[in-house]
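Here is the structure we will look at.
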Amino acid sequence: MTDRDYPEKPGAVYFFGTCLVDLFYPRAGMAGMELLQRQGIKMIFPQGQSCCGQPAFNNGHRDEARAVAAAQIKLFPKDIPVVLPSGSCAGMMRRHYPYLFEGYPEEATAKALAERVFELTEFLVHVAGVALEDRGDPIRVTWHGSCHSQREMGIRDEPKTLLRQLAKVELVELQREKECCGFGGTFSVKQPDVSAAMVTDKAADIEQSGAEKIVSGDCGCLMNITGALGKKGSAVLGRHIAEFLLERTDDGR
Amino acid sequence: MSNARDAILAKLRAGDAAGEGPVSDFSVIYGKSWSREEKIARLESLMVAVNTEFHRTTEADWPALVARLLEKRAIPSLLIGTDNQLIERLQDEEGSPDLTIYDGRYEDRKAEVFEALAALTTTRGAIAETGSLILWPNEAEPRLLSLVPPLHIALLDADRIYDTLWWTLTEENWQDGMPTNVVLISGPSKTADIEQELTFGVHGPKELIVLVIDG
Amino acid sequence: MTGAEGCFRERAGTALKDTQLRANFRRAMDGLMDKRAEQFSDVNEWERLRGLGESIRRRALARLPDLLEQLERNCTANGISVHWAETVEQANETVLEILQRRGAKRVVKGKSMVSEEMHLNDYLGRHGITALEADLGEYIVQMAGETPSHLIMPAIHKNRGQIARLFKDNIENYDYTEDPVEMTAVARSQLRREFQDADAGLSGVNFAVAETGTLCLVENEGNGRMVTTVPPVHIAVTGIEKVVEKLEDVPPLLSLLTRSATGQPITTYFNMITSPRKEGERDGPEEVHLILLDNGRSRIHADAETRRTLQCIRCGACMNHCPVYTRVGGHAYGGVYPGPIGKILTPQIEGMRVFGDLPEASSLCNACVEVCPVRIPIAQVLVRLRDEAAGHCPRPTVKESGARKSVMEDLVWTGWKWMHRSPAAYRMMTGLLAKAGNLAPSGAPLLRQWTSARTKPRFAGKTLHQMVREKGLADE
């Protein structure tokens, strides 16, 4: 359970796609926006957006992160929610922008922005009030929530609440659901052995669950996990939750 | 070394200002309180869970109980402090063990202390929250009594079981006069250092017997 | 001294191949996590209690110099001699001086991580004084010639067979057994003699109370009480940050410590020492000494952000919950303190040159942050230390700041900044990657590390930006 106040459903929101979605999972971004539009919310997608700045921030290059973050902040001037299909990037904006801009000219704007940043699933559950109708065939899936969605954004129940709305979806839980998958951004290439050990264990956990699909709210995790599943020739497919929810409620693919 | 002292303090005073620091809210601790019976029950439950032997007895009966407990273990003698009342109660008891009195400096009593098979002490009280005995060792009951012999028998007054450590030390103003040593004892000595498997009697007593004297 | 061969990556790589070690740790950490969770099942109590714990530690750190002086005054009035040491050299010399004055040859030890920091045992050994570990885990580790691999359970990396073999090799007439109960009994009788024969006992300190000049010690075995009561001299060593202001501050911290460390409501013994043996008392040491060690802590204290590191009460919960620690064990960290606390403490004490890679041994999953009983923002300090390592701190304060500066990395991130700050440049880069990114070979630098355990990530043919443009969504 997150412990924040949620606004009334707005007429419009900004959508921040995130760089990983942009390059690797654009359909997840389109799906997220579609889900929101179906709730009668208008999408505004500033084309000037790029990256929240987290990669540089986490790697000891704070100035570079701040420069890019400052450019992003300018793109969301209206006092309406900014929704992101990533707990990790939402966490960066919500938790770290105030810290990053402390003592800088953008401080007030950054803090105000942080208050209206939402991760997609928390927004769908607590603001957009979705009620999903499952049109798909029976399927067994399992969920992996990113560390930052859990621990920086406090999101634990919302994605599962959404998945449980789907009548024909059997949700099984991983044995070590809360354990990090080992992505950690550049951690996966700076400490490749430990990262590989972590993702290998996560993949094994997924396979033992009997799930046909692994659903996640974060594309970094998804890329990492599906990469490991692919490497061992697993039949388990990965899906971003936005894409999965749309698939199930769309034409039942 | 005053050089090191001055240098360290100077460095600490030269850093980022810290002010008085945050105010602490102790209210999460106030709430923990139990009735007299609940306290005894809680104490028993927590102590038994870590292998303490627990008996309820009375002022009249405890010496006989001690005699029986030692007889059962074929322990012929008991190490004890210099509290005369205690000594008399035990000596008056038929079938009581031989008493070895720890009445000299440790240096002169080393053999007795380390060869004793059992010792008996009183206690200052106990703490229900954690299942702990409170001992304030003193001249009459030295520190090693409750540490060295493999069996420690502790007498506890049922009226002196307190809710929490915090309540006890603030209520009794321990800060106004701490003795040489205070020790909270919550069970027999134990370890899980070998494959996390619990074993007892590493260095402290292997057995702890608590006699709660009620009435 | 470092004891660190190679870098974290290498040490971790070695540890990862040791399937026995990984199995030992996994089982042990699971057990510790479960026990802790049982203790803190009341979430409301947990959050409030750790908030209290945090405030107690931050208050003490805020007033640290005054409290150290108050501690010294009260200890001295009680008959405890207080010594200050800026460096481990000074601390070792002080210990030696105390021992030599009494002609001491054998020291018996309770568990003390600070004494590990001092490499005290080796130092004393070089001066003809034997220091014998009496905590069972430390006793085992000492036999093996190793350092502890966990804050609370030093021999956690050893199984019973390994321990039995150590006993066989080190204990005369050892009647071979792998049974923990029997091994414990053997250790008990061996160490009993040591307690009686030792010239001095050495311990750490869990909390030093300024208000009363009291040293508090937690333990389960009884060796702490033994070494602080039986020998004629007791030397306590502590880092300067272990001070708490008032006696009433102790119970909340004690509760947080034991429940976080091993899932116990309290340890078997909680020992509060305020003076040496007084007139008329029959036992206890004649002399009690307290050595206050700085070793870089005052420097850590000076910066408000790094100061948070010093809140630590050494419970070990962070490492119990760390997915990295679970897989590599304590020795991979190369220093005295392992796990998440080690990743932020060791580089600051020992410097960035040798340990500047430790802050990178983290995926920033925040599992440690979630369980820290005094709310140290470990992830935040890790990121700060990454800045310091890379030489990017506007106000660097950490020892050997910038020691890990890499021109290559600086270029990469400068390039990254230009690509992401300018919408036009970003559009060009992403357009290029969408079309040609998948042509990069799996063996390329960076990709190579990725593909060792995963398939190559696939760039989508169109970017999200493109799809949005095609759909005609609003731009502002």
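Protein chains in written order, with our numbering: chain A, 1300 to 1552; chain B, 189 to 403; chain C, 2 to 477.
Note that the Cβ used here is the ideal one computed from N, Cα and C, for glycine as well.
Cα-Cα, which of the options is closest to residue i?
{"i": "C/Leu293", "options": "C/Glu94, C/Ser42, C/Met409, C/Met420", "result": "C/Glu94"}
{"i": "C/Asn45", "options": "B/Ile217, B/Asp280, B/Leu278, B/Asp402", "result": "B/Ile217"}
{"i": "A/Leu1576", "options": "A/Arg1547, A/Val1312, A/Val1424, A/Cys1518", "result": "Absent from the model: residue 1576 of chain A. The displayed extent of chain A is 1300 to 1552, so no value can be given."}
{"i": "A/Pro1458", "options": "A/His1539, A/Ser1494, A/Ile1505", "result": "A/His1539"}
{"i": "A/Lys1477", "options": "A/Phe1422, A/Val1498, A/Thr1420, A/Tyr1396", "result": "A/Val1498"}
{"i": "C/Ile241", "options": "C/Glu222, C/Leu311, C/Arg278, C/Val219", "result": "C/Leu311"}
{"i": "C/Val83", "options": "C/Lys344, C/Ala445, C/Ala211", "result": "C/Ala211"}
{"i": "B/Arg224", "options": "B/Arg348, B/Val301, B/Leu339", "result": "B/Arg348"}
{"i": "C/Thr269", "options": "B/Leu372, B/Thr358, B/Leu197, B/Leu399", "result": "B/Leu372"}
{"i": "B/Leu323", "options": "B/Ala342, B/Asp381, B/Val336", "result": "B/Ala342"}
{"i": "B/Arg293", "options": "B/Ala328, B/Pro251, B/Pro285", "result": "B/Ala328"}
{"i": "C/Trp85", "options": "B/Ser377, B/Thr352, B/Leu197", "result": "B/Leu197"}
{"i": "A/Ala1409", "options": "A/Lys1377, A/Leu1423, A/Ala1427", "result": "A/Lys1377"}
{"i": "B/Phe214", "options": "B/Ala255, B/Leu353, B/Leu321", "result": "B/Leu353"}
{"i": "A/Leu1319", "options": "A/Arg1303, A/Pro1345, A/Pro1354, A/Gln1336", "result": "A/Pro1354"}
{"i": "C/Ala435", "options": "C/Trp417, C/Lys463, C/Asn272", "result": "C/Lys463"}
Helix, strand or coil for residue i? Go by DSSP, reduced to three states.
{"i": "B/Gly219", "result": "coil"}
{"i": "A/Gly1316", "result": "coil"}
{"i": "A/Ser1533", "result": "coil"}
{"i": "C/Tyr175", "result": "coil"}
{"i": "C/Glu147", "result": "coil"}
{"i": "C/Glu288", "result": "strand"}
{"i": "A/Thr1548", "result": "helix"}
{"i": "B/Gly313", "result": "strand"}
{"i": "B/Val398", "result": "strand"}
{"i": "A/Glu1418", "result": "strand"}
{"i": "C/Asp19", "result": "coil"}
{"i": "C/Met2", "result": "Because the pLDDT of C/Met2 is 34, which lies under 50, any placement of that residue in the model is unreliable, and the number read from its coordinates should be weighed accordingly. It is coil, neither helix nor strand."}
{"i": "A/Arg1538", "result": "strand"}
{"i": "A/Ile1505", "result": "helix"}
{"i": "A/Ile1513", "result": "strand"}
{"i": "C/Leu294", "result": "strand"}
{"i": "C/Ala441", "result": "coil"}
{"i": "C/Val83", "result": "strand"}
{"i": "C/Phe26", "result": "helix"}
Using the beta-carbon count (16 or more within 10 Å), is residue i buried or exposed?
{"i": "C/Thr77", "result": "exposed"}
{"i": "A/Pro1437", "result": "exposed"}
{"i": "B/Ser221", "result": "exposed"}
{"i": "C/Lys18", "result": "exposed"}
{"i": "B/Ser233", "result": "exposed"}
{"i": "A/Lys1341", "result": "exposed"}
{"i": "C/Met409", "result": "exposed"}
{"i": "B/Pro264", "result": "exposed"}
{"i": "C/Pro446", "result": "exposed"}
{"i": "C/Met429", "result": "exposed"}
{"i": "C/Gln101", "result": "exposed"}
{"i": "A/Gly1551", "result": "Confidence at A/Gly1551 is low in this model, with a pLDDT of 46, below 50, so the placement of that residue is unreliable and no value is reported for it."}
{"i": "C/Ala38", "result": "exposed"}
Can you tell me the Cβ-Cβ gap for residue i and residue j, rounded? I've got them flagged as a contact below 8 angstroms.
{"i": "C/Phe41", "j": "C/Arg260", "result": "6 angstroms"}
{"i": "C/Thr215", "j": "C/Ile274", "result": "7 angstroms"}
{"i": "C/Arg396", "j": "C/Arg23", "result": "Not quite, the Cβ-Cβ distance comes to about 41 angstroms (not below 8 angstroms), so this is no contact."}
{"i": "C/Arg51", "j": "C/Arg376", "result": "6 angstroms"}
{"i": "C/Asp81", "j": "C/Asp250", "result": "The sequence as given places Ile at residue 81 of chain C; Asp does not occur at that position. With 8 angstroms as the limit, C/Ile81 and C/Asp250 do not qualify as a contact, their Cβ atoms being about 19 angstroms apart."}
{"i": "A/Cys1518", "j": "A/Phe1323", "result": "6 angstroms"}
{"i": "B/Glu281", "j": "B/Ala252", "result": "6 angstroms"}
{"i": "A/Tyr1313", "j": "A/Val1381", "result": "4 angstroms"}
Please indicate yes or no: does the CB of residue i lie closer than 6 angstroms to some heavy atom of the ligand MG?
{"i": "A/Ala1527", "result": "Questions concerning the ligand MG fall outside what the structure shown contains, since it holds no ligand whatsoever."}
Extract the residue ranges of the beta strand (DSSP E) inside the segment 191-273 of chain C, only unbroken runs of 3 or more that lie entirely within it.
201-204, 208-210, 215-220, 234-240
Completely contained beta strand (DSSP E) runs for the segment 1438-1470 of chain A, where each covers 3 or more residues
1438-1443
Enumerated in chain order, which unbroken segments of the beta strand (DSSP E) with a length of 3 residues or greater are wholly contained in the segment 57-81 of chain C?
none
Quick check for students: name the residue ranges of the beta strand (DSSP E) that lie wholly in the segment 196-283 of chain B, counting only runs of 3 or more.
DSSP runs (the beta strand (DSSP E)) wholly in the segment 196-283 of chain B: 241-245, 265-268.
4 or more residues per run - each alpha helix (DSSP H) lying fully within the segment 312-380 of chain B:
353-359
Identify every run of the beta strand (DSSP E) within the segment 1351-1423 of chain A, keeping only runs that are complete inside it and at least 3 residues long; order them along the chain.
1381-1383, 1416-1418
May I have a chain-ordered list of the alpha helix (DSSP H) segments no shorter than 4 residues that lie completely inside the segment 93-173 of chain C?
114-118, 121-127, 137-144, 161-171
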